[in-house]
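If you're matching positions, the sequence shown starts at 18 in this note's numbering and goes up one per residue.
Report on the structure given below.
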Amino acid sequence: MRSKLIYIIFVVSLFMVGILVAISLAEPVTNASGVPHPEFSGMQVGGDGLARFEQIGNLGFAFQCLLLIQIVLLSLLGISERYRSREILIYMGGTVVLTLFIAWQMYSSHLQYLETGNTDYFLGFPIATAWAVYGTWLGAIPLVVLYSVGFHKYIYTPEDEQQFKKLLIAKADKTELANH
């Protein structure tokens with residue numbers, strides 16, 4: 018699985034680079050960085066958000082999705098191949114689904130606001146911002162739980178610890194013999 022996983026990670030990275038290149042080469046939108054405020058000098062009034070969004074919004078969303086997938090893939094790479102059970106693969110797949118759902122909620126809420134000019138509020142924030150503020154850390158919780166609760170099952174098992182201690186003893190013995 019490791020050899021396949023590293024190739025998948027590489028391909029996802031290539032897609033991410035391709036998206037960044039496409040964003041870099043996109044034609045700039047008129048007044049994308051804003052225009053001077055008519056009453057207050059030194060202030061900028063935002064340009065046409067929907068025009069900016071149409072230009073690179075889908076690319077930005079695709080990049081975000083690939084980044085979230087990449088985070089889970091790299092986390093999975095940190096788990097020894099012998100511990101990558103069906104159970105952990107399903108768990109990681111669920112993590113991807115959760116994080117992509119949150120990303121979609123941020124994206125679609127922001128797009129809806131740009132199209133209608135209206136938004137609802139949740140715990141003091143516009144919906145898209147609320148998804149960013151509350152959802153971003155929520156999507157990371159499964160990986161934190163995996164590391165915290167599953168550390169001795171998936172990351173560094175008691176068998177791994179025993180093997181490591183044996184290596185240290187062997188190295189110490191070898192060093193001691195070399196010094197005599």
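Ideal placement from N, C-alpha and C gives every residue a C-beta, glycine not left out.
With burial defined as no fewer than 16 other Cβ atoms inside 10 Å of the residue's Cβ, what is the status of M60: buried or exposed?
Burial is judged here by how many other beta carbons sit within 10 angstroms of a residue's own beta carbon; M60 has fewer than 16 and is exposed.
From the DSSP output, which residues share a beta bridge with F139?
F142, per the DSSP bridge assignment.
Near R19, what residues of its chain come up, given a Cβ to Cβ distance below 8 Å and the 5 sequence neighbours on each side ignored?
Because R19 sits at a pLDDT of 49, beneath the cut-off of 50, its placement in the model cannot be relied upon, and the point is left open.
On a CA-only basis, which of L84, H127, V113 is nearest P159? Give me that one, please.
Taking the Cα of P159 as reference, the smallest distance to any Cα among L84, H127, V113 is reached at V113.
The alpha helix (DSSP H) enclosing H127, as first and last residue numbers:
Taken as a continuous stretch (DSSP letters only), the alpha helix (DSSP H) holding H127 covers 103–133.
Can you name, in chain order, every residue of its own chain whose Cβ lies under 8 Å from the Cβ of C82, other than the five neighbours on each side?
Excluding residues within five positions, the ones whose Cβ falls inside 8 Å are L117, A120.
Would the stretch 75–89 count as touching the stretch 27–45 if we require 3 or more Cβ pairs under 8 Å?
Touching, yes, given that three or more Cβ pairs across the two stretches are closer than 8 Å.
Is the stretch 159–175 close to the stretch 121–140, with three or more CB pairs under 8 Å?
With the cut-off at 8 Å, the stretch 159–175 and the stretch 121–140 do not touch.
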